[in-house]
Each structure stands twice: as C-alpha cells, then as structure tokens.
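Just so we're aligned: 1188 in this note's numbering is position 138 of the sequence shown, and the numbers increase by one with no gaps anywhere. Just so you know, even glycine gets a beta-carbon here, dropped at the ideal spot from N, CA and C.
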Amino acid sequence: MADPAQHVAHVVKTATDSNSAAHSRLAASWRRSLDHYGLDPGERDAVRRISGEALAERRARYEAILRIAAPRLDALYQLVSASGCGVLLTDADGVVLDLRAADGDAEVFEAWGLVPGFDWSEASEGTNGIGTCIAEQRRVIIHRDEHFRARNTSMSCMDTPIFGPEGELIGALDVSSARADQTESFNRLIAAMVAQTARQIEVDSFRAAFPQARIIVTDADDSETAMLLAVDRDDIVLGATRGARKAFGLGISGPIRRVPASDLFGREDGPTGFERAERAAVMRALSRSGGNVSEAARALGVGRATLYRRMSRLGIGENES
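Take a look at the structure:
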C-alpha cells in the first residue's frame, strides 16, 4: 500500500494538472472525483452502505438478472478463487448486489466494503474499478495506487460493464483482490475472463428477454462484444444487443425501429420489398404441401390458376418446390 500522504499529494497534483487530465483517462477520473464530486482522496471514513431495506428493494428489481447471472458468477469464481479474489455483481448505480468469496475471506471483504449493500459509485468513492467502469461504460483495471482514495490502494479491481436487452447499462461485473504480489499482467488475464463472463451474462439476459423470437448471432471483430438480433416470424427485428445496435446503427439503447433483418445484412439481390415477402410466402406454402400447387393455393387462400400466375411472375418453377 502506498504511503497515504504521498498518494494524496500525487492525486491532487495530477488531477489539477489540466494537461494530465486531457491525456490520461486515469487523471481525468481523478479530476472528476476531486472537482465534480468534491471528494477527498485522504478520506478515512468507511465506504457508504445503504440500508438493508434499500438493498432488498434493489435486489428485488434485479431478481431476473441475479438469477440469470448466478451460474456465470459461480463459474468465474471457480477460475479466480485460488488467487484470493472475490467476484461481485453491482447494479447500474455501483451498489454491490451479489458476491462470491471464500468463507475465510469474509471478514476482509466486509472490512473493504466489498459485500452487498456498499456503494462503489465514482460519486461516492472516486476512481475505482466499479465506479469508473460504470461512469465511462467501458472495461477498466484499477490497480492499487490508481485508486482515488488512499485507503483503497491495497486493492486491484478488474471490471466490465453489463448492458441489458435494450442496450441500457444495468451494472458492472467486478473481480477484486488485495494480494500484494498480484501483478498488472496477471490482472490483465483476469480482466479478460471478467469481460468474457459479462458478455455471457448479456447473451443469457437477451435470450431470456425474447423467448419466442429467433435469435441471430452476427459476426463481430471484437470477441468481447455480444452481437445478437432477435427477429419475429416475419423477419422483423424486435431487439438487439448493445454491440449489434452499434454495428447496425439501431440506437444505443431503448426501443428500436422496426426493420427487416435482411435489410441490415445488405441482401439487396433478387426480388425486393413486397416481392421478396410474397416469394417467401409462396415458397413456404409449396414446401409445406410437398410441391402440390393445388394444396399450396388453398393454404394461401387463392385459386390454383392465380398461384400459377404468381409463380410465373416471381420466377418460381414447379421443380423448385
């Protein structure tokens, strides 16, 4: 742990240097903590804890995501528990909702404020893994003396934001450790696992939000980004993950405009608009009837001669069925 007085002096000097804040995300976060939130890096009071009633209300609001995330938290904890780390899930305000930690570490995590009910927002604690991850909506590693408050400099925190089915920020996934021998390179390995787990939680949450829809998994250059679309029986997009929203210009969050999935993928060859929809309907009817045009016509509610004319106009031969 860094000398508290030296840490405070370094944070204040860096945060008040406009050049540093302009070129360093860490320095910018320190400046936010100092100027915007009016925090003291030398503050010794414990991390703020909400009441048990308030925590119960927050957990009730997050009941679905807590249930979905539970097996993912368990799996991540199995990977990092041997190194003395804890796994935490927070809400969008930075309040801890769930924790995985060894029984022998329970008192330590309680003393750090890394248990359900504690507020790790940047507005409350300044620069820290959970709060800064939420404030900047990106994955972060806050290693020891990168924390704003001197009393938090014994910790290393690896965090990734979690986005909901409508692209909204719903919380952060955190792995924290106070091991003095934990290196920055080891932190980066853990951070990669945290990011992967957060994306898995997003995917599970998205699928649960659209149980009746067909889910399309699209290609992504960034393996940390969940790229999923939910479409209805008419191939109209009902929802999209945060990554897919960015990729296809569907808006970062909130309800999305109704658009055919094929339009997003640039499939403009062949029939377009109503012709494409009509061709698809005819092909489905022919397929279901085993190629029997009379039966397909009855299913479509048209006469046999009418269906033949449509097939001719759409370029569908009887042998295609």
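Hey, how far is the Cα of residue i from the Cα of residue j?
i	j	result
Asp1319	Arg1334	In this prediction, Asp1319 scores a pLDDT of 48, lower than 50, which makes its location untrustworthy; no coordinate-derived value is stated.
Gly1167	Ser1074	31 Å
Asp1209	Leu1149	14 Å
Gly1351	Ala1263	27 Å
Phe1256	Thr1291	7 Å
His1060	Ile1240	28 Å
Ala1258	Ala1185	27 Å
Thr1322	Arg1099	For Thr1322, the pLDDT reaches just 47, beneath the cut-off of 50, and the residue's location in the model is therefore unreliable, leaving the point undetermined.
Gly1341	Arg1359	16 Å
Asp1254	Ala1055	46 Å
Ser1303	Phe1260	16 Å
Ala1297	Ala1200	40 Å
Asp1153	Gly1102	21 Å
Ala1311	Ser1362	27 Å
Asp1124	Val1225	12 Å
Glu1093	Leu1116	32 Å
Gln1128	Ile1286	40 Å
Pro1215	Arg1238	27 Å
Asp1085	Thr1066	9 Å
Arg1188	Ala1347	54 Å
Beta strand (DSSP E) containing residue i: first to last residue?
i	result
Cys1183	No beta strand (DSSP E) holds Cys1183; the alpha helix (DSSP H) holding it covers Gly1179 to Glu1186.
Ser1226	Leu1219 to Ser1227
Ala1280	Leu1278 to Val1281
Asp1209	Ser1206 to Phe1213
Ala1230	Ala1230 -> no beta strand (DSSP E), and no H or E assigned at all.
Thr1140	Gly1136 to Asp1141
His1193	Val1190 to His1193
Arg1150	Val1146 to Arg1150
Ala1077	From DSSP, Ala1077 is part of no beta strand (DSSP E) but of the alpha helix (DSSP H) over Arg1075 to Arg1081.
Using a threshold of 8 Å, state whether the C-beta atoms of residue i and residue j are closer than that.
i	j	result
Leu1288	Ala1280	yes
Glu1196	Tyr1087	no
Arg1122	Ile1251	yes
Gly1217	Arg1111	no
Ser1339	Ala1355	no
Leu1089	Phe1198	yes
Leu1126	Met1243	yes
Ile1366	Val1332	yes
Ser1079	Thr1182	yes
Leu1223	Leu1139	yes
Report, in whole angstroms, the separation of the C-beta atoms of residue i and residue j, which I expect to be a contact under 8 Å.
i	j	result
Leu1105	Gly1136	Not really, about 17 Å apart at Cβ, beyond 8 Å.
Met1205	Trp1170	11 Å between Cβ atoms; not a contact.
Gly1179	Val1190	6 Å
Ser1083	Arg1229	No, Ser1083 and Arg1229 are not in contact; Cβ-Cβ is about 25 Å, not under 8 Å.
His1057	Thr1203	6 Å
Val1062	Arg1108	The pair is not a contact, with the Cβ atoms about 33 Å apart (cut-off 8 Å).
Ile1212	Ala1248	5 Å
Ile1220	Ala1120	The Cβ separation is near 15 Å, so there is no contact.
His1193	Glu1157	Not a contact, Cβ separation roughly 24 Å.
Any idea which residues DSSP pairs residue i with across the strands?
i	result
Val1267	Leu1278
Gly1168	For clarity, residue 1168 is Phe in the given sequence; the question names Gly instead. Note: Phe1168 sits in a beta bridge opposite Arg1099.
Pro1310	Ile1286
What residue range does the alpha helix (DSSP H) around residue i cover?
i	result
Ile1118	Glu1113 to Val1130
Phe1159	Ala1156 to Trp1162
Gln1056	Pro1054 to Ala1065
Val1343	Val1343 to Leu1350
Tyr1358	Arg1354 to Arg1363
Arg1292	Arg1292 to Phe1298
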